[in-house]
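Note sheet for the following structure.
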Amino acid sequence: MRPAVTKSNEPPANNSSETPYNAVRLIADLPPCGRAPPATPESASRSRTPQAARGTDKTRVLVVEDESDIAGLIKHTLERGGDAWVEVAQSGDQALKLSSEQPPDLIILDLNLPDGDGVELCRRIRKTSDVPILMLTARDEDVDKIIGLEVGADDYLTKPFNPRELVARVKSVLRRSS
Ligand code: CA
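Sequential numbering from 1006 applies to the sequence shown in our numbering.
Right, here's the structure in full:
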């Protein structure tokens, strides 16, 4: 059993050492809204490796959100560039299970979950992992809760949010953690 090290997907030392994380590339490559990038052979071979589609060269994001519309929006927004792989957990229990099976590079965590409080879940995750965590809150007053309790979240976003702001905050959190 491997220890839960958050950067275990970092490739062995080689010529890619300037970008140990593909997180920044994830955002930079996001195409304009609504249009898929042209699938030229060159861009296809450069930007993705189909054989490794499940994980080795993609930023893995775990979204913990029971509202399927919001989870779907986050997934669509982050996967649009082709360098992120988003998994959705609809409850805290499912999130703990998924994150222990395959540690993500980033967790986006809703505060109000059907089986508990996102703050408590954040604390539990922090006991074993320093994975970047972006909290989602429905109300401004929840922000005080997140900050006041110092639960270990790296940033927060208040719903409803602009997808562009989501992308910017994800990028910022990943850059700080790399
Ligand atoms: Ca919720």
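Ideal Cβ placement from N, Cα and C applies to all residues, glycine included.
Item                                                                                                       : Value
Residue 1110 beta carbon near ligand 1 (any heavy atom closer than 6 Å)                                    : no
3 or more residues per run - each beta strand (DSSP E) lying fully within the segment 1087–1163            : 1089–1094, 1111–1115, 1138–1142 and 1160–1163
Cβ-Cβ distance between residue 1119 and residue 1096 below 7 Å                                             : yes
Residue 1181 - DSSP class collapsed to helix/strand/coil                                                   : helix
Proximity to residue 1099 [Cα-Cα], best of 1171, 1130 and 1064                                             : 1130
Cα-Cα separation, residue 1091 to residue 1076                                                             : 10 Å
Contact under 7 Å by Cβ, residue 1156 with residue 1174                                                    : no
Per DSSP, cross-strand counterpart(s) of residue 1067                                                      : 1092 and 1112
Distance cut-off 6 Å: residue 1115 Cβ against heavy atoms of ligand 1                                      : yes
Spatial distance of residue 1144 from residue 1082 (CA atoms)                                              : 22 Å
Option nearest residue 1159 by Cα separation, candidates 1087, 1070 and 1183                               : 1183
Enclosing alpha helix (DSSP H) for residue 1084 [first to last residue]                                    : 1073–1084
Residue 1103 and residue 1126 closer than 7 Å at C-beta                                                    : no
Cβ-based burial, residue 1165 [other Cβ within 10 Å; buried from 16]                                       : exposed
Through-space distance from residue 1064 to residue 1101, alpha-carbon basis                               : 18 Å
Counted within 10 angstroms of its Cβ, other Cβ atoms place residue 1080 as buried (16 or more) or exposed : buried
Status (buried if at least 16 other CB within 10 Å, exposed otherwise) for residue 1146                    : exposed
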